[in-house]
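Each remark here refers to the structure printed beneath this line.
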Amino acid sequence: EEEEEEEEEGGEGEEEEEEEERKKKERKKERKKERKKERKKERKKERKKERITASGDDEERRENVVAAEAARPQPLAGERGEGMPRHRRNRMLALRRTQQVEEAVEDENDGAEPAEFQVSGKIGAKKQRKLEEKQARKTQREAEEAEREERKKLEQKREEERRLEEERLRQEEERKEEELKKAKEEEERREYEEYLKLKESFVVEEEGLDEAMTEEQTRSFLTELLTYIKDAKVVLLEDLASHLGLRTQDAINRVQDLMADGTLTGVIDDRGKFIYITPEEMTAVAEFIRRRGRVSITELARESNSLINLQTEGGFLSKGDAINRVQDLMADGTLTGVIDDRGKFIYITPEEMTAVAEFIRRRGRVSITELARESNSLINLQTEGGFLSKGVA
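When the count follows the UniProt record's numbering, it moves up by one through the sequence shown with no breaks and lands on 393 for the last residue.
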C-alpha cells in the first residue's frame with residue numbers, strides 16, 4: 001500500500017508531464033494536418049492546370065465561371081472586414097468562390113478522396129485525445145503489471161534460495177548427527193571389545209573340566225548350572241565360572257549355547273551379568289509389546305521392572321541388584337532421593353525437593369557447601385519415631 005501511495009504521488013507529476021507531452025503531440029498533429037491540406041490543394045491545382053491545358057472546353061468553362069463571378073453583385077460596404085479595403089475583400093471573395101467551384105468540378109471528375117483521409121477527418125480532436133489517454137493508461141497498466149511480475153519473480157527466487165539454504169543446513173545438521181552417532185557407536189564397540197579382552201584375561205585358577213565327560217557327568221553339570229542360575233536369578237558370569245570351575249569365556253559360551261537351544265531364557269547385560277527370565281515373564285513382556293504396538297526402550301525397561309521378578313529364592317536382592325532397582329525407581333520418578341558416596345540412600349520427599357529447587361532458583365548461584373548447609377534445614381532426616389539413626393546423626 002505504501003508503494004502504491006508513493007506511485008500515486010509520483011504519478012501525479014508524471015500525468016502532468018504526459019498531459020503536456022500529449023498537448024505538444026496534438027499541436028504537432030494539427031500542423032501536420034494543415035500541411036497535408038495545403039499539399040492536397042496544391043495537387044488539385046496542378047491537376048486542374050493540366051486538365052485546362054489539355055482541354056479547351058475546360059478553359060472556356062473556367063472563363064465563364066470567372067465571368068459569372070465577376071458579374072455577381074458586389075457586397076455592401078458593411079460586409080467588408082474592418083480596416084480592409086472594399087476592392088481587396090471583393091477580390092478575395094471572388095477568388096474563394098472560384099476555388100470552391102473548381103474543387104466541386106474536380107470532385108466530380110476524380111471521385112472521392114482516399115478512405116484514410118475521410119476516416120482521419122471523421123475523428124475529432126477530443127476523441128483523438130481520449131484514445132491517446134486510453135492508450136497511455138493501457139501502457140501504464142502494462143508497465144505496472146510487468147513491474148509486479150518482476151517483483152514476484154524476484155521474491156520467488158529469494159524464497160527458493162532461502163528454502164535451499166534451510167535444506168542445506170538441515171542436511172548438514174543431519175550429517176553431523178549421523179557422524180556423532182557413528183562415532184559413539186564405534187566408541188561403545190571399542191569399549192565393549194576392550195571389556196571382553198579384559199574379562200578373558202581373568203582366568204579362573206582351576207583347570208576346569210576334563211574334555212572327556214560321561215553322559216551322567218554332563219547331565220549333572222547342566223543341572224547344577226541351571227539350578228545355580230535359576231536360584232540366583234541374577235548372576236555375575238565370573239562368579240558362575242568360579243562356581244563351576246570353568247574359565248569365564250567357557251562359562252559365557254555354555255550360557256549362550258543353552259540360550260540358543262531354548263533351555264535357558266534370559267539376557268546378558270553390558271556389565272557381564274546374566275539375568276534369568278522365566279518363560280512366563282518373557283511371555284508377559286512380549287504381550288506388553290504387542291499390546292502397545294510401539295514402545296520406547298525407557299518405557300520397556302520401566303515396565304519390565306514390574307513384569308520380571310529379580311528377587312532370589314530367599315526373597316532378597318544382592319547389593320548390586322538393590323542399587324540397580326533403586327536407580328530404576330529414581331529414574332522413572334517413583335522414588336526421590338540421593339545415593340551418597342558411602343552407599344547410603346537418603347529419601348527426600350517431593351515437597352523437600354521442591355524447597356531445595358526453590359532455594360537454588362532464588363539464589364541463582366550457590367556453592368555446594370552452602371547448599372549442603374541449607375539442605376539440613378530444608379530436609380527432615382528424622383525417622384518415623386522422631387529419632388535419627390546413628391549413622392545419619
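Just so you know, even glycine gets a beta-carbon here, dropped at the ideal spot from N, CA and C.
- Message: Let me check one thing: in DSSP terms, what residues is V234 bridge-paired to?
- Response: V234 is bridged to I275.
- Item | Beta-carbon contacts of I268 that lie in its chain and below 6 Å, excluding the five residues immediately before and after | For I268, where only same-chain residues beyond five positions count, the Cβ hits under 6 Å are F274.
- Task: Name, in chain order, the residues that DSSP records as bridge partners for V267.
- Result: I275, per the DSSP bridge assignment.
- Message: Just to confirm before moving on: does the CB-CB distance between S141 and R22 stay below 9 Å?
- Response: It is Arg, not Ser, that sits at residue 141 in the sequence shown. Going by C-beta atoms, R141 is not nearer than 9 Å to R22.
- Alpha carbon to alpha carbon, what distance is there between G245 and V204? For V204, the predicted model reports a pLDDT of 41, less than 50, meaning its position is unreliable; a value from the coordinates is still stated below. Our two residues, V204 and G245, have alpha carbons roughly 7 Å apart in a direct line.
- Query: Of all the options L300, E224, R292, which has the alpha carbon lying nearest to the alpha carbon of H243?
  - Reply: Looking at the Cα atoms, E224 is the closest of the given residues.
- Would you kindly check if the distance between the Cβ of A125 and the Cβ of E30 is under 9 Å? In this structure, the beta-carbon distance from E30 to A125 falls below 9 Å.
- Task: Count the CB pairs spanning the region 256 to 271 and the region 223 to 241 that are closer than 8 Å, and state whether there are at least three.
- Result: Proximity of the region 256 to 271 to the region 223 to 241 meets the contact definition, three or more beta-carbon pairs being nearer than 8 Å.
- Task: Could you check the C-alpha separation between K41 and E133 for me, to the nearest Å?
- Result: Whole-angstrom Cα-Cα distance: 32 Å.
- Message: Whether or not the region 372 to 381 and the region 344 to 359 are in contact is what I'm after, with contact meaning three or more pairs of Cβ atoms, one per stretch, closer than 8 Å; do they touch?
- Response: Flag = yes, the region 344 to 359 and the region 372 to 381 touch.
- Query: Run through DSSP, which three-state label would E20 get?
  - Reply: Reduced to three states, the DSSP call for E20 is helix.
- Item | Residue(s) in a DSSP beta bridge with V338 | Bridge partners of V338: I346.
- Would A183 be called buried (16 or more neighbouring beta carbons within 10 Å of its own) or exposed? Burial call: exposed.
- Message: Quick check on this structure: which residue in K138, R291, V326 has the alpha carbon closest to the alpha carbon of N305?
- Response: Out of K138, R291, V326, the CA that lies nearest to the CA of N305 is found in V326.
- Message: Assuming L240 and G272 are in contact, meaning their beta carbons sit under 8 Å apart, how far apart are those beta carbons, in whole angstroms?
- Response: About 10 Å; that fails the 8 Å criterion.
- Check whether the Cβ atoms of I323 and I339 lie closer than 9 Å to each other. A contact, by the Cβ cut-off of 9 Å.
- Measure the Cβ-Cβ separation of V285 and I252 and say whether it is below 9 Å. No, Cβ-Cβ distance for V285 and I252 is not below 9 Å.
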